[in-house]
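Enquirer: One structure follows; several queries about it will come next.
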Amino acid sequence: MHYRVIHKTEYDYSESVGLSYNEARLLPRFTANQFCHATGLVIEPLPADYREHEDFFGNRVAYFSLREPHQRFVVTSTSEVQVVSQAGQLNLSQGTDWESVRLLLRQQRDPLTLEALQYALDSPFVSANAELAAYAQLSFPPGRPLLEAVHNLMERIHTDFTYDPNFTTLATPLSTVLAHRRGVCQDFAHLAIGCLRSQGLAARYVSGYIETLPPPGKEKLVGSDASHAWFSVYVPELGWMDFDPTNNQIPVDQHIIVGWGRDYGDVNPLKGVIFGGGEHELNVSVDVRNLGS
Amino acid sequence: MTTVLSEIKQNGPDQWYPVPPGSYDEMLNGDGQIRPHWEYAIRALRTLGMPELERRGAEAAKLLRENGVTYNVYGDPAGQSRPWQLDPVPLLVSSEEWGGIESGLQERAELLNLILADIYGPRELVRKGLLPLELLYNHGGFLRACDQIALSGKHQLVVYAADLARGPDERMWVLSDRTQAPSGAGYALENRVAMTRVLPSLFRDSHVHRLALFFQSLRSGLNAIAPATVENPRVVVLTPGPLNETFFEHAYLASYLGYPLVQGDDLTVRDGYLWLKSLNGLERVDVILRRVDDDFCDPLELREDSRLGVPGLVEVARRGNVAIANPLGSSVLENPGLLAFLPGIAEHFLGRPLRLPTAATWWCGQPKELDYVLANLDKLVIKPTDRGPGLSPVFGHLLSRQELADWRDRIRLRPAFYVGQEQEGFSTVPSLVPGGLEPRHAVLRSFLVARADGYVVMPGGLTRSAPHKDEMLVSNQAGSISKDTWVLASEPEKPIELVTRPTPEQVAASLSGALPSRAADNLFWVGRYAERAESTIRLLRSAIKKLYGDPDHSANEYTESLHCLLRAVTQLTGTLPGFLAEDAQALLREPEAELLSVALDETRIGSLANTLRCLVQTGYAVRDLWSSDTWRVMEELEEHLLGTKRYVQPNLWQVQDLMDQLITSLAAFSGMAMENMTRGNGWLFLDIGRRLERGTSLLSLLRTTLPQQRTEAVETLLIEALLDTSDNLICYRQHYRNNMELSAFLELLLLDENNPRSLAYQTARLQEHVSKLPRDKTIGRLSLEQRLALEASSALRLAGMEELTAVAESGTRQNLDQLLARLNYLLVALSNAVTAAYFRHESAPQPLAPLRTT
Chain A
538 MHYRVIHKTE YDYSESVGLS YNEARLLPRF TANQFCHATG LVIEPLPADY REHEDFFGNR
598 VAYFSLREPH QRFVVTSTSE VQVVSQAGQL NLSQGTDWES VRLLLRQQRD PLTLEALQYA
658 LDSPFVSANA ELAAYAQLSF PPGRPLLEAV HNLMERIHTD FTYDPNFTTL ATPLSTVLAH
718 RRGVCQDFAH LAIGCLRSQG LAARYVSGYI ETLPPPGKEK LVGSDASHAW FSVYVPELGW
778 MDFDPTNNQI PVDQHIIVGW GRDYGDVNPL KGVIFGGGEH ELNVSVDVRN LGS
Chain B
213 MTTVLSEIKQ NGPDQWYPVP PGSYDEMLNG DGQIRPHWEY AIRALRTLGM PELERRGAEA
273 AKLLRENGVT YNVYGDPAGQ SRPWQLDPVP LLVSSEEWGG IESGLQERAE LLNLILADIY
333 GPRELVRKGL LPLELLYNHG GFLRACDQIA LSGKHQLVVY AADLARGPDE RMWVLSDRTQ
393 APSGAGYALE NRVAMTRVLP SLFRDSHVHR LALFFQSLRS GLNAIAPATV ENPRVVVLTP
453 GPLNETFFEH AYLASYLGYP LVQGDDLTVR DGYLWLKSLN GLERVDVILR RVDDDFCDPL
513 ELREDSRLGV PGLVEVARRG NVAIANPLGS SVLENPGLLA FLPGIAEHFL GRPLRLPTAA
573 TWWCGQPKEL DYVLANLDKL VIKPTDRGPG LSPVFGHLLS RQELADWRDR IRLRPAFYVG
633 QEQEGFSTVP SLVPGGLEPR HAVLRSFLVA RADGYVVMPG GLTRSAPHKD EMLVSNQAGS
693 ISKDTWVLAS EPEKPIELVT RPTPEQVAAS LSGALPSRAA DNLFWVGRYA ERAESTIRLL
753 RSAIKKLYGD PDHSANEYTE SLHCLLRAVT QLTGTLPGFL AEDAQALLRE PEAELLSVAL
813 DETRIGSLAN TLRCLVQTGY AVRDLWSSDT WRVMEELEEH LLGTKRYVQP NLWQVQDLMD
873 QLITSLAAFS GMAMENMTRG NGWLFLDIGR RLERGTSLLS LLRTTLPQQR TEAVETLLIE
933 ALLDTSDNLI CYRQHYRNNM ELSAFLELLL LDENNPRSLA YQTARLQEHV SKLPRDKTIG
993 RLSLEQRLAL EASSALRLAG MEELTAVAES GTRQNLDQLL ARLNYLLVAL SNAVTAAYFR
1053 HESAPQPLAP LRTT
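Chains A and B are the protein sequences, given in the same order.
Residues in the first sequence are numbered consecutively from 538, following the numbering used here.
Residues in the second sequence are numbered consecutively from 213, following the numbering used here.
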């Protein structure tokens, strides 16, 4: 499937900003199933300095700095991306059981497993703990195939938790999300990752977009008005498998990946340090157009 | 005890220096005999005698205190810094043994350097299984933002320090590695300077290796890492600021090495380069000697709540446009878990085991090792893999049964975050305690710096001994005592001048172009506070004198002039409402308590104590710019200030005594500034601050006392008091005898440009000074500062005495009042203009509000 994504972020400040330093992770990365034709950032005011590099996780980062005094700061990222449909239906009930995967992760030293192992460790936003383990346990009976267990966990999160854009903020700890059973895609992704890590498994956070207007006959997906987030789990032999707990589905070709990391903190779409500014108003819009196959 | 040392030969040392059996002592061997390399020094100390040695120790302490050598202790309620403690008995190391230690340290530094390069490069050690991924990736010092950033030369680890102690096998062991921003080299140097002063002949005859070469190597090592395209790299020392525990050392090293001392917001990133915000605008910075913890260095890519860093710094390093020593992320090597894997890594990189042993360490992230640690917890030292608040080593043998059980649970919960380490008994060194020598456990910190041709080791180092007998834990925060470390040369070393150090004045001069704007700001305020303290004291003294004086005039007049002075005290110090309150009658009748408060209440803004505190703190923030003599005066002020805390029931007599001492110290300080400081930009700002303050103080005094016409008798009393306050009474009498006349008074205090206490003198100096400030020379008209100073100075030159003394029908001297008001306005405007033009006044940065995904 071929998409054009336009992601516009707009800050209006009550006072002038004289200087700012920023880091944007808004340029989609290349993956086995995703090819980026054209990507680009338009920044207003014009940056005094701009440079791209790849970060620790292989994501594309744009560093820039603004020196022109401004009260309005706009970053528009436009990308044309080809998403290759992930072949066929997965047979969830086959494959390695989750306990063996946990063991493999710690015993094998091949580059792929080692690369995956880092996502089994705690990270600033997501630490494994007893509460998360207790919630996860129901999905992880002994001997259950990993994919089946993860799928079940995703379904449970989708059923047990209410999508509520007004309940949490970035600072809301996972324990609050778990206790109140509400949140947004980012919270659900973090929650699933925490559950998986508490079982000793490797899970990472994926940031991206989903199609805005559904194809005829299909329902509009939740989370299409802004950046979206889901999680991915490491399955030996198959590699990384994505799950979207917000929409209770395994992404096929409606998800466009921007980047991934241990948690939100590693793929923050737009970071910055600004001098001045006072109060601000923030507007974000995302438009994902399906340009056909 | 006085004969203790002379008894060595007769009684055998165990009488006077009781070494516990079975432990290794640096001075005595197992048979109680003095080791050969200690013989000379001990004989010399014996000749000196114990009382004399104690006297020399006190002398050294005094020197260090006067030089302001301090160590800030977090959470110390007694004050922010405490004097550095030096034991005059050095630790001696023989030249043969040192050779082994030196090459062992060099080898270890080379290995750690290879590990650091690998961790932020290919990470081959992880892939080969020589370093567990969990151990590395869980560590807070592993900065992912710094991945693949490398210095251009072959050394990533530029400065390195190791804590050493002698184990029971008589070999030197490495206790821990300091790889981020090792502190202590500056203290070692100060210790050495003090020791050569108090034990000069012993030092000379002992053939001690000199330290100066090490600092030359440090300089060349820092030059060598500069970006390749730079010919004369600019190096700065980056400090977290005066509240940091080792700020003294940051300032000392900056001054010794001749580099500007900067804080994060003295620097800014532009166009992919790093710049110093100096008085002359932005100046490129090529190398940072870093004393800020690495995760605090860039709020954009590292800790976003940091106020100590420079946004964009990581990007500049990534582009290779600045070299940071040590590189950001180097604290990853301070993980004690790494010690468990060093033998394997040494084998891999060097093909042989390390020469200097390390205490056996078990990382609990592995099942077998975890079991071992849990089973032997009562014999091991438990160390968290990360450093941070509340994460200090715990000695298993000191724990109760219950505590041990709790620790086992804690470790089982997060095993990868702990190591168990064998607890070694370490050797003791002779330490001077009241009345004699006592064996104390000690740790030696040695320092290395990378040069292109390899690591250079400081021949010596900083020895710290435990604060109590039998105490094993040695740390500055816990109050250890330092010692100089003497590496004895087999033959006399060619004396290299230790003090190749430029004087701070020379440094200030050579840096005049690069004087950080913050430093100029601080100097300006040092000038203001010093003068403010002085004028406060002078006025308080006059007021107290008048209060206790003998009224030889009629009571009414006397009282009126006293009240007038008291109101002036409130006005000048800004301690409102005070004597200016509407219902101040009672206060004016019994002013003692209020005067005491204005003098001594440090929490009251404007009080003398508060002003002095501000002076000392502002002065401390530019510690690197003062000569040691000037700093000694600052220390004196601080002592006086501390002295006031000891008053049980303070009274004004004590305050008068105190103020007499203070005025002398303040005079010494301004004399030093006048006579010893190069007339560079730094001095200009100091003196502008002083002149502005003296001008506004005088104006404040005159405005509260003169415009309102009073009876002749009251005015005479007032004029006399004001002359006394401004230190002009004698001068006045010489000129005008005892006729207290307003016109003569105004002539002297307002208009006479030759009188350094007059207002005209201040405005004339200000006019000169502001014309010398750095400015854009292409603009062909006067700057705002110049215009203001010119107007003030001209207004005084054009003033006519008759107009000034004329009294209007309302009973006020309107012309005088207007002139004084205008002058006050001009001086305040000038102060604001200088601040706006030369000091940084931008708002603090804030993080951009984060986006949310939905």
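Don't be surprised by glycine CBs; every beta carbon is placed ideally from N, CA and C.
#1: Give the interface partners of ASN559 of chain A over in chain B, defined as CB-CB distance under 9 Å, in chain order.
#2: Does the stretch 561-569 of chain B come within contact of the stretch 585-596 of chain B, defined as at least 3 CB pairs closer than 8 Å?
#3: Quick one: list the residues of chain B neighbouring ARG646 of chain A, beta-carbon separation under 7 Å, in chain order.
#4: Count the other C-beta atoms from every protein chain shown that fall within 10 angstroms of the C-beta of THR923 of chain B, then say buried if there are 16 or more, exposed otherwise.
#5: Applying a beta-carbon distance threshold of less than 7 Å, which residues of chain A neighbour SER1055 of chain B?
#6: Does GLU382 of chain B come out as helix, strand or coil in the three-state DSSP assignment?
#7: DSSP state of PRO606 of chain A, grouped into three classes?
#8: Which residue marks the beginning of the beta strand (DSSP E) containing ASN827 of chain A, and which one marks its end?
#9: DSSP three-state call for THR581 of chain A: helix, strand or coil?
#10: Of all Cβ atoms in chain B, is any one closer than 7 Å to the Cβ of GLU547 of chain A?
#11: If the cut-off is 9 Å on Cβ atoms, which residues from the stretch 576-605 of chain B count as contacting chain A, listed in chain order?
#12: Report yes if the CB atom of TYR741 of chain B is closer than 7 Å to the CB atom of THR823 of chain B, and no otherwise.
#13: Kindly identify the DSSP beta-bridge partner or partners of GLN1058 of chain B.
#14: In chain order, what residues of the stretch 631-665 of chain A put their CB closer than 8 Å to some CB of chain B?
#15: For a test of the three-state rule: what should DSSP assign to GLU495 of chain B, helix, strand or coil?
#16: Please decide whether ALA667 of chain A counts as near chain B, where near means a Cβ-Cβ distance under 7 Å.
#17: Can you give me the C-alpha to C-alpha distance between VAL668 of chain B and LEU660 of chain B, rounded to a whole angstrom?
#18: Is there a Cβ of chain A sitting closer than 7 Å to that of TYR349 of chain B, yes or no?
#19: In this structure, how does DSSP classify VAL447 of chain B when only helix, strand and coil are distinguished?
#20: Step through the CB atoms of chain A and report whether any lies within less than 7 Å of the CB of THR856 of chain B.
#21: Applying the 10 Å Cβ sphere with the 16-neighbour rule, what's the burial state of GLY647 of chain B?
#22: Along the stretch 499-529 of chain B, where does the CB come closer than 8 Å to a CB of chain A? Name the residues.
#23: Which complete alpha helix (DSSP H) runs does the stretch 1026-1055 of chain B hold, if anything under 4 residues is left out?
#24: Where does the unbroken alpha helix (DSSP H) through PRO648 of chain A begin, and where does it stop?
#25: Does any residue of chain A have a CB that is nearer than 7 Å to the CB of LEU494 of chain B?
#26: Please confirm if the stretch 570-578 of chain A is in contact with the stretch 608-617 of chain A, defined as three or more CB-CB distances below 8 Å between the two stretches.
#27: Kindly indicate which three-state DSSP category ARG646 of chain B falls into: helix, strand or coil?
#28: Could you pull the start and end residues of the beta strand (DSSP E) that HIS367 of chain B belongs to?
#29: Span of the alpha helix (DSSP H) holding ARG339 of chain B?
#30: Quick one, which residues of the stretch 702-730 of chain A are near chain B if we go by CB-CB under 7 Å, in chain order?
#31: Between B:GLY379, B:VAL499, B:GLN1030, which lies nearest to ALA571 of chain B when the distance is taken from Cα to Cα?
#32: So which residues of chain B does HIS809 of chain A contact, with C-beta pairs closer than 8 Å?
#33: Who are the near neighbours of GLU546 of chain B in its chain, counting only those whose CB is closer than 8 Å to its CB and skipping five residues on each side?
#34: Quick one: Cα of LEU275 of chain B to Cα of TYR859 of chain B, how far?
#35: Near THR712 of chain B, which residues of its chain fall below 7 Å by C-beta distance, leaving aside the five closest residues on each side in sequence?
#36: Based on DSSP bridge pairs, tell me the residues matched to ASN559 of chain A.
Expert: This is what the structure gives:
#1: The residue you call residue 559 of chain A lines up with position 22 of the first sequence. By Cβ distance, chain B contributes LEU512, LEU1060.
#2: Segment contact: the stretch 561-569 of chain B against the stretch 585-596 of chain B, fewer than three CB-CB distances shorter than 8 Å; contact not assigned.
#3: For the purposes of this step, residue 646 of chain A is taken as the residue at position 109 of the first sequence. Identification of chain B residues near ARG646 of chain A by a Cβ-Cβ cut-off of 7 Å yields GLY341, ordered along the chain.
#4: In the second sequence, the residue the question calls residue 923 of chain B occupies position 711. The residue is exposed, with fewer than 16 neighbouring Cβ atoms inside 10 Å.
#5: What you label residue 1055 of chain B is simply residue 843 of the second sequence in a count that begins at 1. Within chain A, the residues near SER1055 of chain B are PHE812, GLY813.
#6: Counting from one through the second sequence, the residue named residue 382 of chain B turns up at place 170. Coil.
#7: In the first sequence, residue 606 of chain A corresponds to position 69, counting from 1. PRO606 of chain A falls in the coil class under three-state DSSP.
#8: If you number the first sequence from 1, residue 827 of chain A lands on position 290. It spans 817-829 - the beta strand (DSSP E) in which ASN827 of chain A sits, taken as one unbroken run.
#9: By one-based count along the first sequence, residue 581 of chain A stands at place 44. Here residue 581 of chain A is Glu; the residue named in the question, Thr, does not match the sequence. Correct three-state label for GLU581 of chain A: strand.
#10: Locating residue 547 of chain A in the first sequence gives position 10, counting from the first residue. False, the Cβ-Cβ gap to chain B never drops below 7 Å.
#11: With the criterion set as a beta carbon lying under 9 Å from some beta carbon of chain A, the stretch 576-605 of chain B has no members that meet it.
#12: Here the question's residue 741 of chain B lines up with position 529 in the second sequence. Here the question's residue 823 of chain B lines up with position 611 in the second sequence. At a Cβ-Cβ threshold of 7 Å, TYR741 of chain B and THR823 of chain B count as neighbours.
#13: Residue 1058 of chain B sits at position 846 when you count from the first residue of the second sequence. Answer by DSSP bridge pairing, in chain order: A:ILE811.
#14: Across the stretch 631-665 of chain A, CB contacts with chain B closer than 8 Å involve ARG646, PRO648, LEU651, LEU654, GLN655, LEU658, ASP659, in sequence order along the chain.
#15: Walking along the second sequence from the start, residue 495 of chain B turns up at place 283. In the structure shown, GLU495 of chain B adopts extended strand secondary structure according to DSSP, grouped into three states.
#16: Translated into positions along the first sequence, residue 667 of chain A becomes position 130. Judged by the 7 Å Cβ criterion, ALA667 of chain A is not in contact with chain B.
#17: Residue 668 of chain B sits at position 456 when you count from the first residue of the second sequence. Residue 660 of chain B sits at position 448 when you count from the first residue of the second sequence. Spanning the two alpha carbons is a distance of roughly 5 Å.
#18: For this step, residue 349 of chain B is matched to residue 137 along the second sequence. For TYR349 of chain B, the nearest CB of chain A lies under 7 Å from its own CB, placing it at the interface with that chain.
#19: Taking the first residue of the second sequence as position 1, residue 447 of chain B is located at position 235. If DSSP states are grouped into helix, strand and coil, VAL447 of chain B belongs with the strands.
#20: Your numbering for residue 856 of chain B matches position 644 in the second sequence. Judged by the 7 Å Cβ criterion, THR856 of chain B is not in contact with chain A.
#21: Position 435 of the second sequence, counting from 1, holds the residue named residue 647 of chain B. Exposed.
#22: Those would be PRO511, LEU512, GLU513, GLU516, PRO523, GLY524, GLU527, in chain order.
#23: Fully enclosed alpha helix (DSSP H) runs of 4 or longer: 1026-1050.
#24: Counting from 1 along the first sequence, the entry for residue 648 of chain A is found at position 111. Residues 648-654.
#25: Taking the first residue of the second sequence as 1, we reach residue 494 of chain B at position 282. Look at LEU494 of chain B: its C-beta is not under 7 Å from any C-beta on chain A.
#26: Yes, the stretch 570-578 of chain A touches the stretch 608-617 of chain A.
#27: Taking the second sequence and counting its residues from 1, the one referred to as residue 646 of chain B is at position 434. Looking at the sequence provided, one finds Pro at residue 646 of chain B rather than Arg. Here DSSP, grouped into helix, strand and coil, assigns PRO646 of chain B to coil.
#28: Taking the second sequence and counting its residues from 1, one reaches residue 367 of chain B at position 155. Element bounds for HIS367 of chain B: n/a, residue is neither H nor E.
#29: Here residue 339 of chain B refers to the residue found at position 127 of the second sequence. Counting along the chain, ARG339 of chain B sits inside the alpha helix (DSSP H) bounded by residues 336-339.
#30: Taken in chain order, the members of the stretch 702-730 of chain A whose beta-carbon sits within less than 7 Å of a beta-carbon on chain B are PRO702, LEU707, VAL721, CYS722, GLN723.
#31: Residue mapping note: residue 571 of chain B aligns to position 359 of the second sequence, counting from 1. Looking at B:GLY379, B:VAL499, B:GLN1030, the one whose alpha-carbon comes closest to that of ALA571 of chain B is B:GLY379.
#32: On the first sequence, residue 809 of chain A is found 272 positions in, with the first residue counted as 1. Position check: residue 809 of chain A holds Gly in this sequence, whereas His was assumed. What GLY809 of chain A touches in chain B, judged by beta-carbon distance under 8 Å, is LEU512, PRO1059, LEU1060, going in chain order.
#33: Numbered from its first residue, the second sequence carries residue 546 of chain B at position 334. Result list for GLU546 of chain B: GLY353, SER388, ASP389, ARG390, THR391, GLN392, ARG599, in chain order.
#34: In the second sequence, residue 275 of chain B corresponds to position 63, counting from 1. In the second sequence, residue 859 of chain B corresponds to position 647, counting from 1. Straight through space, the alpha carbons of TYR859 of chain B and LEU275 of chain B are spaced by roughly 26 Å.
#35: As a working mapping, residue 712 of chain B is identified with position 500 in the second sequence. Legend: pLDDT at THR712 of chain B = 48, less than 50; position of this residue unreliable, value from coordinates given subsequently. The residues ALA424, in chain order, have a CB closer than 7 Å to that of THR712 of chain B in the same chain once the five nearest residues on each side in sequence are set aside.
#36: Working through the first sequence from its first residue, we reach residue 559 of chain A at position 22. Answer is A:PHE601, A:GLY809, bridged to ASN559 of chain A.
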